[in-house]
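Accompanying notes for the structure given below.
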Amino acid sequence: MGRVNCRNGKTKSMYVLDASAIILMKAVFREMVTVPEVIQEIKDEKSRIYLDVVKIRVEEAKEEFVLEVIDTARKTGDAERLSDADIKLLAKALEINGILVTDDYSIQNVAKRLGIKFENIMQKGIEKEFKWIRVCRGCRKITQRKICEVCGSETYLKRVVKR
Ligand SMILES: [Zn+2]
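The numbering of the sequence shown is the working numbering, which starts it at 410 and goes up by one.
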């Protein structure tokens, strides 16, 4: 569980992120995936910027797994508490045997029944506190602006570890 085979034969963990895992921006994993419905849930600008910076894969959930999730959620009594995005997210985690990162109790409950591993957002990646800074592409000045006030070049967001 939670392991997928890579082309090079090694195994690695794939993390499947819900909206709050993405919004909190503390969950930084090497291999991340989510579903389009989760991306649509995310409206705040900071998280959208984050999505541009990190390489998170966005994949559609497959129908067969969606049906299995719905079926299981009915059995556990969680069906009414799950959003469309929640169901698709569970379906994606089921398909790729990923580790689901969520604090949502209903999602966790259904995940448990389906044999999907999950982790709470707060228990993951907390030590890796970081912040975002904006750096000029031209002169490397650290600035708040999108266009550098010194040389007029575009700036980009860079993640740095908090000290
Ligand atoms: Zn500059």
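Ideal Cβ positions, reconstructed from N, Cα and C, are used throughout, including at glycine.
Remember, it's a predicted structure, so these values are computed and weren't measured experimentally.
When DSSP labels each residue in this structure, what does residue i get in the three-state scheme?
i	result
Lys497	helix
Thr564	strand
Thr485	helix
Glu528	strand
Ile451	coil
Val475	helix
Leu509	strand
Ser515	helix
Ser422	strand
Arg457	helix
Arg546	coil
Arg522	helix
Should residue i be listed as close to ligand 1, given that the test is whether its C-beta is under 7 Å from any heavy atom?
i	result
Val510	no
Lys550	yes
Ser492	no
Gly547	yes
Go through its chain and collect everything with a Cβ distance to residue i's Cβ below 7 Å, but skip five positions before and after it.
i	result
Gln517	Thr511, Phe527
Gly547	Cys557, Cys560, Ser562
Ile432	Ile451, Asp453, Ser456
Beta-carbon within less than 6 Å of residue i's beta-carbon, same chain only, minus the 5 sequence neighbours each way: which residues are those?
i	result
Ala500	Ala470, Phe474, Val475, Val478
Arg466	Val442
At a cut-off of 7 Å, would you count residue i as near ligand 3, judging by its Cβ distance to the nearest heavy atom?
i	result
Ser429	As presented, the structure is devoid of ligand 3, carrying ligand 1 as its sole ligands.
In terms of DSSP beta bridges, what is residue i paired with?
i	result
Arg466	Val442
Ile432	According to DSSP, which records beta bridges pairwise, Ile432 is partnered with nothing at all.
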